[in-house]
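Comments concern the structure below.
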Amino acid sequence: MPWDTLSFKHRRFLHPLPSQPDEDTKVGMADTTNSRQFRNVTALIVAQMTIGAQLPMIFTIAGLAGQSMTPHVCLATLPISLLVFGSMTSATWMSQTMQRFGRRTGFLIGSLGGGLGGITGSYALMIDSFILFLVSSYFTGIYMSAHGFVRFAAADTASESFRPRAISYVMAGGLVAALVGPQLVKVTADAMVVPFAGTYIAVIIVNLVGSFAYMFLDIPRPKIKDSHHQHIRSYGEILRTPKIAVAIVCAMVSYSLMNLVMTSTPLAVVGCGFGTDRAADIVSSHVLAMFAPSFFTGHLISRFGSQRIVAAGLMLLACAGIIGLAGVALTNFFAALILLGLGWNFGFIGATAMLVEAHRPEERGKVQGLNDLLVFGCVTIASLASGTLMNCTGGTAAEGWVAVNWAMLPFLLLAGIALIWLAFNRQSSSGKLA
Numbered sequence: 419m420p421w422d423t424l425s426f427k428h429r430r431f432l433h434p435l436p437s438q439p440d441e442d443t444k445v446g447m448a449d450t451t452n453s454r455q456f457r458n459v460t461a462l463i464v465a466q467m468t469i470g471a472q473l474p475m476i477f478t479i480a481g482l483a484g485q486s487m488t489p490h491v492c493l494a495t496l497p498i499s500l501l502v503f504g505s506m507t508s509a510t511w512m513s514q515t516m517q518r519f520g521r522r523t524g525f526l527i528g529s530l531g532g533g534l535g536g537i538t539g540s541y542a543l544m545i546d547s548f549i550l551f552l553v554s555s556y557f558t559g560i561y562m563s564a565h566g567f568v569r570f571a572a573a574d575t576a577s578e579s580f581r582p583r584a585i586s587y588v589m590a591g592g593l594v595a596a597l598v599g600p601q602l603v604k605v606t607a608d609a610m611v612v613p614f615a616g617t618y619i620a621v622i623i624v625n626l627v628g629s630f631a632y633m634f635l636d637i638p639r640p641k642i643k644d645s646h647h648q649h650i651r652s653y654g655e656i657l658r659t660p661k662i663a664v665a666i667v668c669a670m671v672s673y674s675l676m677n678l679v680m681t682s683t684p685l686a687v688v689g690c691g692f693g694t695d696r697a698a699d700i701v702s703s704h705v706l707a708m709f710a711p712s713f714f715t716g717h718l719i720s721r722f723g724s725q726r727i728v729a730a731g732l733m734l735l736a737c738a739g740i741i742g743l744a745g746v747a748l749t750n751f752f753a754a755l756i757l758l759g760l761g762w763n764f765g766f767i768g769a770t771a772m773l774v775e776a777h778r779p780e781e782r783g784k785v786q787g788l789n790d791l792l793v794f795g796c797v798t799i800a801s802l803a804s805g806t807l808m809n810c811t812g813g814t815a816a817e818g819w820v821a822v823n824w825a826m827l828p829f830l831l832l833a834g835i836a837l838i839w840l841a842f843n844r845q846s847s848s849g850k851l852a
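Residues are numbered in this note's numbering as their position in the sequence shown, beginning at 1, plus a constant of 418.
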């Protein structure tokens, strides 16, 4: 019988229509999805708890170590600036690497950068080479770039309802790093004849141990839709999306102001007559405040929306600046840095949630790479400005500390205006894509 004379019934028998999965199959698919998302979140939390400890370690001592080697005190925070610059310049190619080869590959490359930073940093301190010390900071910046994508990796395999919590839980893994990092500084800072060299050797070990957590990741690479049927937006089109633009601005301000103040804090604390141990304690309390709220930040975002949480974060950053301007007692340092950490948590995680809501899966590498390029570009400028404001705007450490805190004001106003604009912009609904 010729094909064109077959009835529809016979044709359907020869080539049956795709059937819908039965209920048992749907349950099995859901179980697989849940298992994958919880496995990935767990692996990323463990990575945060271990390998993430190197960042509070470096931020605690890099400025002090740089100040001991630099030919000019205004360049004391240049090592931290090179660290952030390394993160900025690595963001685009790191995001593209993860898009093409997977998250695990990108994270392992980051661990390699962190290990190289520890090796070159310890050697630079031993031979008293400020230039080589800056190179070590750049290597550490490669790790910092990869580290920044853990929040996006948490969302990759999470369901829509679990996504805000997945991001916040992974960020909460930094709580252990906040406890371990500064304590390792106390133990290792003077463990060798050369101050701080032992800390950089500890950084090497942290990278070796922590990188094993990445081997348990199971994050598939995103499927690219047919470009003939799906318009791939340019960078200009992406930045003209209101929700994306405001999310990037708020992330830039939250992270930059946190870095601006935190970078100068050890210099201010020691300059005001307190010891390195006190500086480590204050940084520890700050990093605790950065990550401890992450246990419930995701729930707050789900309940109140990302924009309100970002607004709360900006208000907390403003309160940190006010307390910083009020005095240079230990209580002021502790209170200001705790509020600074809380403000960063709400502002940065809220901005991350906004960004994830506003781009398509196939745009993941492009949008996230652009975001981190711009964010860490601003953080680089902030860290450079921190040392200049702290050491070169007044005759005393207290005067420099006041200048650092006043510098927060215009950027808080910028982010606040951006949020208000988004709230009243009728096009904001187009920022969330199906």
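Glycine included, each C-beta is placed from N, C-alpha and C at the ideal position.
{"query": "Nearest to V797 (by Cα), restricted to the options V502, L482, P600", "result": "V502"}
{"query": "W511 versus L791 - alpha carbon distance", "result": "10 Å"}
{"query": "Nonlocal neighbours in the same chain, by C-beta distance under 7 Å from T806, ignoring five residues either side", "result": "C492"}
{"query": "Burial state of Y673 (16 or more Cβ within 10 Å)", "result": "buried"}
{"query": "CB of W762 within 8 Å of CB of M708, strictly", "result": "yes"}
{"query": "Cβ-based neighbour list, N750, same chain, cut-off 8 Å, excluding 5 preceding and 5 following", "result": "I741, G742, A744"}
{"query": "Beta-carbon contacts of A833 that lie in its chain and below 7 Å, excluding the five residues immediately before and after", "result": "V667, C668, V671, L732"}
{"query": "Proximal residues to D878 (C-beta, below 8 Å), its chain only, five neighbours per side dropped", "result": "With the chain represented from 419 up to 852, any question about residue 878 goes unanswered, as that position is not in the structure."}
{"query": "Meets three-Cβ-pair contact criterion under 8 Å: the region 458-466 and the region 622-633", "result": "yes"}
{"query": "Other residues of its chain near R639: CB distance less than 8 Å, five sequence neighbours each side excluded", "result": "Q517, R518, F519, G520"}
{"query": "Continuous beta strand (DSSP E) assignments of at least 3 residues falling wholly in the region 653-682", "result": "none"}
{"query": "Nearest-angstrom Cα separation, counted from V621 out to G787", "result": "26 Å"}
{"query": "At least three beta-carbon pairs within less than 8 Å, the region 697-717 to the region 569-587", "result": "yes"}
{"query": "Host alpha helix (DSSP H) of E410 (start-end)", "result": "Because the chain spans 419 through 852 in this model, residue 410 falls outside it and cannot be assessed."}
{"query": "Nearest-angstrom Cα separation, counted from S453 out to G739", "result": "43 Å"}
{"query": "For L837, the three-state DSSP class (helix, strand or coil)", "result": "helix"}
{"query": "Beta-carbon gap between G536 and A564 smaller than 8 Å", "result": "no"}
{"query": "Inter-stretch contact at 8 Å, needing at least 3 Cβ pairs: the region 564-573 / the region 765-777", "result": "yes"}
{"query": "Nearest-angstrom Cα separation, counted from A729 out to L851", "result": "Residue placement at L851 cannot be trusted, given a pLDDT of 42 that sits under 50; the coordinates are not used to answer."}
{"query": "The region 809-829 contacting the region 687-701, beta-carbon criterion three pairs below 8 Å", "result": "yes"}
{"query": "Span separating the alpha-carbon of T478 from that of G768", "result": "26 Å"}
{"query": "Run of the alpha helix (DSSP H) containing S554, from where it starts to where it stops", "result": "548-566"}
{"query": "Candidates F829, V624, D695, F842: closest to L678 by CA position", "result": "F829"}
{"query": "T811 (DSSP reduced to helix, strand or coil)", "result": "coil"}
{"query": "Residues near V598 in its chain [Cβ-Cβ closer than 7 Å; skip 5 each side]", "result": "A471"}
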